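For what it's worth, UniProt numbering labels the leading residue of the sequence shown as 1, then goes sequentially. In this text, a Cβ means the ideal position worked out from N, Cα and C, and glycines have one as well. If you're wondering where the values come from, they're calculated on a predicted model, not measured in any experiment.
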Amino acid sequence: MEDWEAMGIVECFIPQKHHQVLEALRCKIFNYSSMLLSSCLIVKNLKMLKKVTMNEEAQVEGLETEFQTYFEAQSDELRKPVKQQILKTQCKIRKKYNLKRRGSKSYRVGDVVVIK
1 MEDWEAMGIV
11 ECFIPQKHHQ
21 VLEALRCKIF
31 NYSSMLLSSC
41 LIVKNLKMLK
51 KVTMNEEAQV
61 EGLETEFQTY
71 FEAQSDELRK
81 PVKQQILKTQ
91 CKIRKKYNLK
101 RRGSKSYRVG
111 DVVVIK
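Structural data, given as structure tokens:
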């Protein structure tokens, strides 16, 4: 492994939606079974380890809110370039569509026009 100052191993149940967030926090997750959401979490930061193992029970609510806020911030950063790419694609499609459209008929004042 890398030069980790302090390392701890925690065996706990971590929902899969939080795995990406934990990896972003520089934790390593090893799945025992993807069907049973059980995982082995190797934590680099001892403060994070203390949060996970406090009172022999996982402080799920506190961790979940922390993971949720971090995940939302991370997903917002990912959404911005995707949204810009979608707008560029829509603009290209709009230009192609407008080129294929039939032009409107131009009338002059005094022309006789039939209205159906």
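Using the Cα positions of Q74 and Q85, report the straight-line distance between them to the nearest angstrom.
18 angstroms
Which of the three DSSP states, helix, strand or coil, is assigned to I93?
helix
For V82, does the three-state DSSP call read helix, strand or coil?
helix
So, is S39 buried or exposed, given that buried needs 16 or more other C-beta atoms within 10 angstroms?
In this predicted model, S39 has a pLDDT of only 43, less than 50, meaning its place in the structure is not dependable; the value taken from the coordinates is given anyway. Answer is buried; the Cβ neighbour count reaches 16.
Could you have a look at K100 and say whether DSSP puts it in helix, strand or coil?
helix
Distance check for R79 and T69, CA to CA, integer angstroms please.
15 angstroms
Supposed contact pair Y107 and V113 - C-beta distance, whole angstroms, cut 8 angstroms:
6 angstroms
By the three-class DSSP mapping on this structure, what secondary structure does Y107 have?
coil
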